[in-house]
Amino acid sequence: MKLELRGITKRFGSLTANSNVNLVVNPGEIHCLLGENGAGKSTLMNILYGLLIPDEGQILIDDEVVTIADPKDAVNHGIGMVHQHFMLIPVFSVADNVILGSEPVRPWPVIDYKAATTRLLELAKEYNFEIDDPNATVENLPIGAQQRVEILKALSHDASVLILDEPTAVLTPQETDAFMVILRSLKASGKSIIFITHKLREVLALADVITVMRLGEIVGVTSPAETDERGLATLMVGRSINFVVEKNPATPGDVVLEVQALYVEDARGLTSVKDVSFDVRAGEILAVAGVQGNGQTELVEALTGMRHPSSGNIVLNGANLAGQSVRHFLNAGVGHVPEDRQRYGLIPSLSISDNLVLDQLDDSRFRRRFGRNLKAIKANGAALRESFDIRAQSEEAPVGALSGGNQQKVVMARELSRELKILICSQPTRGLDVGSIEFMHRQIVDIRDSGVAVIIVSSELDEVVALGDRVAVLYDGEIQAIVPPSTSREEFGLLMAGAGADKATL
Amino acid sequence: MTTATREIVTLDNLRIISRTRSLAYGITLMAMGALEILWYGSTDSKLHTTIQFGYNTATVWPVVSSFLRVILLLAGIAIIAVAVRPRSVARIGHIFETVRGSRTIAILIGAYLFIWPVFLWWGINLHGQLRTMTVDVALTGYLFGIMSIGAGALMAWRRFDRSASGMLYGGLLIFLLGFLIWVARGSLPLQLTSILASAVAVSTFLMFGSLSGTLCERAGVVNIAIEGQFMAGALASIVFASAFRGSGISMTFALLLAGLFGALFGWILAVMALRYQANQIIVGVVIVAFCTAMSQFLTTQVLNVHQNLDGSYGLPVWAIPGLSHIPLIGPVLFDQNVLVFIAFAAVIIANFALFRTRWGLRVRSVGEKPIAAETVGINVVHIRYGAVILGGFIAGVGGAGFTLGPGSPFTYGMTAGYGYIALAIMIFGRWRPYGALMASLLFGFTIALSANLNLYLNQLVIPQQFITALPYLITIAVVSGLVGRIRPPAADGVPFQRH
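Chains as they are written, first to last, in the working numbering: chain A, 395 to 900; chain B, 5 to 503.
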């Protein structure tokens with residue numbers, strides 16, 4: 395089955411998630427869709443699977459235009475999808491999950507489990523899957539086995555195109571190897587596969603065709619023969635925004651933060667930060683570069699107390715903070731501009747003034763008897779709104795109503811209004827317009843010059859190079875090297891693709 | 005020893021959790037046993053209680069000859085032995101391992117066959133029939149106490165995974181039985197059969213209510229409006245039946261009308277919760293408030309004026325031929341009004357429908373993870389509509405259990421919060437129809453108990469109000485998660501919105 399997407403555009407409010415995307419998938423092809431988080435891969439695939447309706451564009455199957463309004467249409471057209479977060483019902487058995495939606499009944503309406511099990515085992519045999527017990531409860535299976543159930547589910551609906559959304563993100567290396575064998579056998583049986591990922595190595599090992607997306611657009615179509623990891627990394631990270639930051643050379647002072655042999659586990663219990671050690675001095679910016687999903691989130695969460703490291707030390711001005719509460723980190727002078735400002739940085743329904751004092755409510759300035767000193771909070775809001783140029787009708791407006799840039803200014807203003815020893819900014823300019831980006835960069839450089847240590851985590855290489863005084867490159871949870879920002883783009887590409895410091899010429 | 009994190013469900017964790025639970029239940033059982041010995045066992049040894057089985061002498065099976073009794077006794081032992089160790093008799097044991105629940109039923113039947121001849125030897129009267137049995141109160145207390153402590157110790161020591169809750173419920177029933185024997189000491193005979201029969205009768209509406217809750221919550225909608233659906237069903241059915249002076253066919257339609265009124269309020273809940281995505285709890289409470297107000301208005305303004313519309317018409321009582329003649333169980337389970345049988349049938353059908361049919365699988369999928377159901381082409385909202393309306397219908401029929409069941413007129417406030425208790429019963433029964441049935445019977449028993457305690461007021465050292473409050477106390481214990489591993493459907497009460 396030949397599948398074609400023609401001129402797909404999808405907007406969410408002011409954000410264009412997909413802009414005029416064209417994609418052709420031929421029968422029996424493994425087509426890799428590569429791009430960073432937020433590049434629009436998942437949006438595109440959700441459109442193909444009928445979970446989202448495109449604003450413009452057409453979907454063609456075997457050169458005929460089809461309408462896919464809901465997942466049922468997609469299934470009927472032979473499109474199957476394995477979601478990143480499995481669409482399995484944890485408390486159901488394997489068999490129940492596979493037959494759900496197309497249950498064999500005999501006599502009506504009683505489910506014919508014998509027929510269901512037979513079909514399941516036949517299918518598993520045909521594609522060399524291991525299904526030990528069709529009656530096992532899905533939540534008790536290892537992740538790799540759950541994924542096989544999900545694929546079986548799609549195959550049992552006679553899918554001829556399989557969309558796999560970041561299938562290896564949840565797998566251990568061993569499971570990934572087993573998974574690749576499955577993919578090859580699916581390809582051999584004539585199924586087309588759309589494989590979404592941001593892991594370069596897998597792409598080069600598996601793909602027939604590689605399409606690279608960035609910021610909702612397709613920025614390149616290539617094949618493993620024509621490119622290598624460096625080329626793909628450069629395409630993915632791109633260079634569309636030209637970051638220019640005026641700054642004087644840093645004058646580093648004493649070591650403020652010392653991280654020693656830090657190990658952090660993610661929510662699934664996998665070690666995502668491995669043996670990370672570095673130090674940051676007063677008055678310098680350490681930038682952390684790397685393709686997203688290589689441990690940045692967990693590293694920042696550990697450095698701000700939101701996630702307890704499994705081992706290692708976080709020494710701030712001589713005191714080890716590892717394992718302490720967020721409150722301890724705040725009191726010790728850690729400022730945090732979080733990656734997801736809507737979720738962790740702000741309370742959207744509260745006013746700007748209230749958001750500006752969220753972490754300072756026990757400060758005597760903002761307290762009055764048993765409650766808050768509303769007058770002082772409002773005055774503080776007005777003053778900060780003025781000095782940070784937060785564009786809003788008043789400081790009493792709810793933060794949720796502001797634009798992304800102004801929301802980020804609120805977060806930044808709050809963090810900077812405390813006495814800081816170190817400021818940790820994660821993706822400080824994601825989703826912001828050029829003016830706000832410039833403003834943020836100016837603030838970050840100013841706070842550095844005032845003698846505060848700064849850590850910037852960004853997946854935008856240009857931003858990292860423009861801001862950082864030193865750049866640490868993370869790959870697979872490990873620091874590959876800490877290099878000066880003047881390092882060449884090619885070397886950064888290599889480091890970000892996991893070629894350790896020994897291979898890169900420094 | 006590894007520790008268990010309750011949030012992460014793995015086989016190992018489940019085993020650890022259920023083993024811990026078994027230990028906790030074992031200790032509870034031992035505590036109950038100790039209490040039985042200290043409390044019931046300390047009764048004056050001269051005091052006896054006469055248990056009256058009180059079934060109809062004319063209809064009882066003549067299971068009286070010694071020969072037959074020995075056969076029953078041996079059959080009971082044989083059945084229990086096979087059920088406990090299914091592998092010992094491969095051919096029959098196979099059934100127990102494949103058909104779920106058959107083992108429990110076999111053990112119950114075996115126990116019954118075993119106990120009955122023993123009782124006959126013990127308490128036979130001059131006519132050769134077991135009508136009353138006199139027991140020594142203190143001795144019974146000691147016996148029950150030792151049994152409980154023994155079972156509890158065994159449970160704490162061996163850590164049974166699966167039979168833990170069954171053992172606990174059994175211990176609880178024995179405790180209550182001991183209480184009954186104690187409270188009736190040295191005075192009026194204990195009307196055991198009639199207490200149990202009224203327990204089954206009052207649990208009818210609880211069965212319907214908890215079944216309704218189970219169905220709705222399995223589909224992911226919290227039906228807190230059961231109380232209101234009870235009222236609507238109770239009022240509508242009695243008015244309709246009264247209008248036709250309780251003629252046979254009108255009773256059938258009265259039941260149907262009760263269901264339709266329940267379904268109407270189910271439908272309102274569904275529209276508000278599913279189409280307009282309103283908060284389900286608030287909508288439910290508003291429906292109850294509306295029904296309360298309406299029922300008050302109709303009682304004072306209509307029924308009090310036209311009293312012929314609020315008569316006393318009871319559903320016919322059926323004695324199932326054969327089954328109703330089984331001693332003790334017969335009159336309790338098989339000599340009841342029609343609604344009781346409908347409730348039993350509804351539970352069985354609902355259990356089959358939920359766990360064996362296509363519709364049931366879809367209902368459960370929608371209540372667990374609606375997005376997953378949608379990706380395989382299931383219309384989440386339609387399935388939820390169906391379940392909520394059907395749930396409303398069931399609760400409405402249950403409402404008839406207040407009026408047509410016992411044959412009493414509608415009075416304002418007669419539902420007395422049982423609609424909310426039904427939700428607790430649903431939790432107690434772990435969102436399963438059979439669980440709801442068992443929990444309903446247990447609650448019904450406590451209700452019947454408090455109603456029958458009037459006879460023994462002077463024997464009671466604790467205030468009667470405490471016994472009356474017992475169902476509500478159990479409700480609090482259940483809802484606060486004291487009983488068992490409570491795991492609701494994952495999407496229970498979570499609105500579903502496409503994109």
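We treat Cβ as the ideally placed atom computed from N, Cα and C, and that holds for glycine. Here the structure is a predicted model, which means the values were calculated and not measured.
For the alpha helix (DSSP H) that B:H386 lies in, which residues bound it at each end? V384 to T407
Measure from the C-beta of B:T379 to each C-beta in chain A and report whether the shortest distance is under 7 Å. yes
DSSP state of B:D140 mapped onto helix, strand, coil: strand
Same chain only: Cβ atoms within 8 Å of B:R249, ignoring 5 sequence neighbours per side: G315 and Y317
With 16 as the cutoff for other CB atoms within 10 Å, does A:E813 come out buried or exposed? exposed
Using beta carbons (cut-off 7 Å, strictly below), is A:I604 in contact with chain B? no
If you run the structure through DSSP and keep just helix, strand and coil, what is B:M418? coil
Rounded to whole angstroms, what is the Cα-Cα separation between B:P335 and B:A452? 15 Å
Name the DSSP beta bridge partners of A:E659, please? A:T665
Alpha-carbon to alpha-carbon, B:F183 and B:G45: 11 Å
DSSP-derived helix/strand/coil call for A:A875: strand
Closer than 8 Å, Cβ to Cβ, to anything on chain B: give me those residues from the region 682 to 711 of chain A, in chain order. none
To the nearest whole angstrom, what separates the beta carbons of A:M607 and A:L446, a pair I think is in contact under 8 Å? That pair is no contact at about 16 Å.
Along the chain, where does the alpha helix (DSSP H) containing A:L556 start, and where does it finish? A:L556 -> not in any alpha helix (DSSP H); beta strand (DSSP E) instead, spanning V555 to D559.
When you compare the CB of B:R360 with every CB in chain A, is at least one pair closer than 7 Å? yes
B:E372 versus chain A: which residues are under 8 Å apart at the beta carbon? I483, P484, V485 and F486
Any idea what DSSP makes of A:W502, helix, strand or coil? coil
To the nearest angstrom, how far is the alpha carbon of B:L459 from that of B:L181? 16 Å
Can you give the Cα-Cα distance for B:P325 and B:Q340, rounded to whole angstroms? 12 Å
Could you work out which residue in A:K396, A:G474, A:L724 and A:L755 is closest to A:I453 when comparing CA atoms only? A:K396
Would you mind sorting B:H386 into buried or exposed? The rule is 16 or more other CB atoms within 10 Å of its CB. exposed
Where does B:N312 fall in DSSP's three states? helix
Alpha carbon of A:G799 to alpha carbon of A:M630, nearest angstrom: 24 Å
For a contact meaning CB atoms closer than 7 Å, what does B:S22 contact in chain A? The contacting residues do not exist; B:S22 stays about 14 Å from chain A at best.
From A:V555 to A:I473, what distance separates their C-alpha atoms? 5 Å
According to DSSP, is B:F269 part of a helix, a strand, or is it coil? helix
Comparing the C-beta of B:S106 with each C-beta of chain A, is any distance below 7 Å? no
Cutoff 7 Å: A:G495 Cβ touching any chain B Cβ: yes
Does B:I382 have its Cβ less than 7 Å from a Cβ in chain A? yes
If you run the structure through DSSP and keep just helix, strand and coil, what is A:K772? helix
Chain-ordered neighbours of A:D753 on chain B, where CB pairs are closer than 8 Å: Going along chain B, no residue has its Cβ under 8 Å from A:D753, so there is no contact; the nearest lies around 28 Å.
Secondary structure of B:A297, DSSP reduced to three states: helix
As assigned by DSSP and simplified to three states, the class of A:F764: coil
Here's the rule: buried if 16 or more other CB atoms are within 10 angstroms of the residue's CB, otherwise exposed. What is B:A350? buried
So for A:G451, helix, strand or coil by DSSP? strand
CB contact check: B:W120 to chain A, cutoff 7 Å: no
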